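Okay, so here's the structure we're looking at.
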């Protein structure tokens, strides 16, 4: 039975690929305390183990899987990447550049000290920085080297080993550094610092519901009393006094009257109210007693995700956007969340909106649709992807990556991974403004990215073959030491540069450090310890910029070391 299974793996290596993925994902999900290995590292390790039986896996598979991954990363990051190219985010862009440049310098320094070959060096960078894209673009560059296929196979094997050795410390080390060491080095109390930033962003102000809402929205029916503030006032006048409510329907004498801001309320009217939960307690005082009246609450409502595309509101703070909307018409919508690249932003008055932000609101259907027309568009919950556009984008990106130019006598090219990344950034940015072209729903983005990267790791491990563990014995200790240096030195330099040169607020800085090394787990640790989402402000910009910069590092490493 065992012999049959091993022969099946050798005869049909695609079975081995999927076995490495399945077992690797399972291993990656196992938790030791709060730590888990992750799908990619798990698949690579399982690939290394399965590869010991000797398999001939088509090398082209890893390029196909990597293209799926890098395309999804580029598409997702496109709006934020191009949106970050402005004066308002310049400091965060510089922070990413400094960290990535320091990382590249540290990688090359360790190479100079220990004499690693190009494969070990690229794998060191990818593992220590927990950025598998480095390994993908480096692989493309390796394939262009003027060496025989056996030498290329050896370098690819060394890359996988270096990644496997350095990845574990890279993941844990960065979480510990950003979550514990960095705050101590700066003498920062995370909770106090988060509160300080929230004060700077205006949380102490009494903003209305279109701007700030930490609580969920509720609906209530109240009967207008003679002694309440509502009797004798129009809906517009009452809402002006009480920003945290919106009157959507009035029932007078059994007759339903839909929302009309000029309508004057009278004693005995029954009103259907949208309100923030913290405002509910005073509604009986303002309007009258709460009653059970389904007819007044049966107005059509909707929760929708609005993608911000409007130039009018991009770059404005939540406070400014609220004031601008309020000057024209009260729309009666309540803000639930704002997400950027899938990460939830703090709902504070001075939080700056950017194109591509997803704003989730709740309100009367007509009000939500009217607000969407002002801000951008309602994100459709469809599941279909524009396959033709995206595969064409991959083709164009691959062709772009094959083009080469010369800097002096040195040939320079993006490589297939770099070319696909550039095209995906452009398509993602364009789609955020023209959603009818190039649709790729978030679930499809996740599938492209997660499956592509995990399968890439599995193939890399399988290709490493039986020689992998021999290389591990020879270079294991030096790679561990080098990995620790490459993991810690870049964020250490960026920490002091960001704080004392760029003058970034510590919470924004810590989020930026996590983003600049494309490591969400570090940011989540800061959020957990501080009880605040403010680190997301720094994370998203640095994440988008570093995804590009670190991918570019792969070919540079190969050229410098092997050239």
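In UniProt numbering, the protein residues as written are 1 to 563.
We treat Cβ as the ideally placed atom computed from N, Cα and C, and that holds for glycine.
As the structure is a prediction and not an experimental result, all values here were calculated from the model.
Do you know whose CA, among the options, lies nearest residue i's CA?
i	options	result
residue 89	446, 558, 538, 553	538
residue 27	16, 17, 46	46
residue 427	287, 150, 387, 458	387
residue 453	17, 560, 6	17
residue 184	166, 495, 291	495
residue 442	24, 380, 110, 359	380
residue 542	519, 530, 258	519
residue 54	505, 247, 6	6
residue 433	25, 75, 50, 31	75
residue 299	249, 322, 522	249
residue 346	280, 313, 374, 507	507
residue 369	301, 224, 343, 348	301
residue 131	166, 110, 143, 105	166
residue 529	192, 201, 99, 103	192
residue 501	91, 11, 482, 171	91
residue 293	307, 267, 220	220
Would you please state the rounded distance, in angstroms, between the beta carbons of residue i and residue j? I believe it to be under 8 Å.
i	j	result
residue 378	residue 305	7 Å
residue 95	residue 498	5 Å
residue 160	residue 464	4 Å
residue 488	residue 177	6 Å
residue 253	residue 83	Their Cβ separation, rounded to whole angstroms, is 53 Å, which puts residue 253 and residue 83 out of contact at 8 Å.
residue 303	residue 354	About 22 Å separates the two Cβ atoms, so there is no contact after all.
residue 333	residue 371	5 Å
Using 10 angstroms around the beta-carbon of residue i, count the other beta-carbons present and answer buried if the total reaches 16, otherwise exposed.
i	result
residue 148	exposed
residue 211	For residue 211, the pLDDT reaches just 40, beneath the cut-off of 50, and the residue's location in the model is therefore unreliable, although a value from the coordinates is still provided. Label assigned to residue 211: buried.
residue 40	buried
residue 383	exposed
residue 1	exposed
residue 262	exposed
residue 446	exposed
residue 227	exposed
residue 134	buried
residue 62	buried
Go to residue i, then tell me how far its beta strand (DSSP E) extends in each direction, as first and last residue.
i	result
residue 274	270-276
residue 303	301-308
residue 438	Note, residue 438: premise wrong, no beta strand (DSSP E); not H, not E.
residue 334	333-340
residue 57	Unbroken run through residue 57: none, as it is neither H nor E.
residue 258	255-258
May I have the straight-line CA-CA distance separating residue i from residue j, to the nearest angstrom?
i	j	result
residue 362	residue 269	25 Å
residue 152	residue 189	50 Å
residue 140	residue 9	26 Å
residue 459	residue 97	31 Å
residue 462	residue 48	5 Å
residue 14	residue 455	11 Å
residue 182	residue 58	44 Å
residue 558	residue 43	24 Å
residue 320	residue 480	51 Å
residue 311	residue 391	30 Å
residue 450	residue 79	20 Å
residue 3	residue 20	18 Å
residue 275	residue 366	17 Å
residue 145	residue 556	13 Å
residue 351	residue 318	6 Å
residue 476	residue 162	8 Å
residue 199	residue 316	18 Å
residue 394	residue 420	6 Å
residue 290	residue 493	59 Å
residue 214	residue 246	Confidence in residue 214 is poor, its pLDDT being 42 and thus under 50, which makes the residue's placement unreliable; the coordinate value appears in the next sentence. Rounded to whole angstroms, residue 214 to residue 246 spans 17 Å at the Cα level.
How is the alpha helix (DSSP H) around residue i delimited, first residue to last?
i	result
residue 449	442-464
residue 244	Premise fails: residue 244 is in no alpha helix (DSSP H) and is neither H nor E.
residue 364	From DSSP, residue 364 is part of no alpha helix (DSSP H) but of the beta strand (DSSP E) over 358-364.
residue 285	283-286
residue 123	118-128
residue 50	39-50
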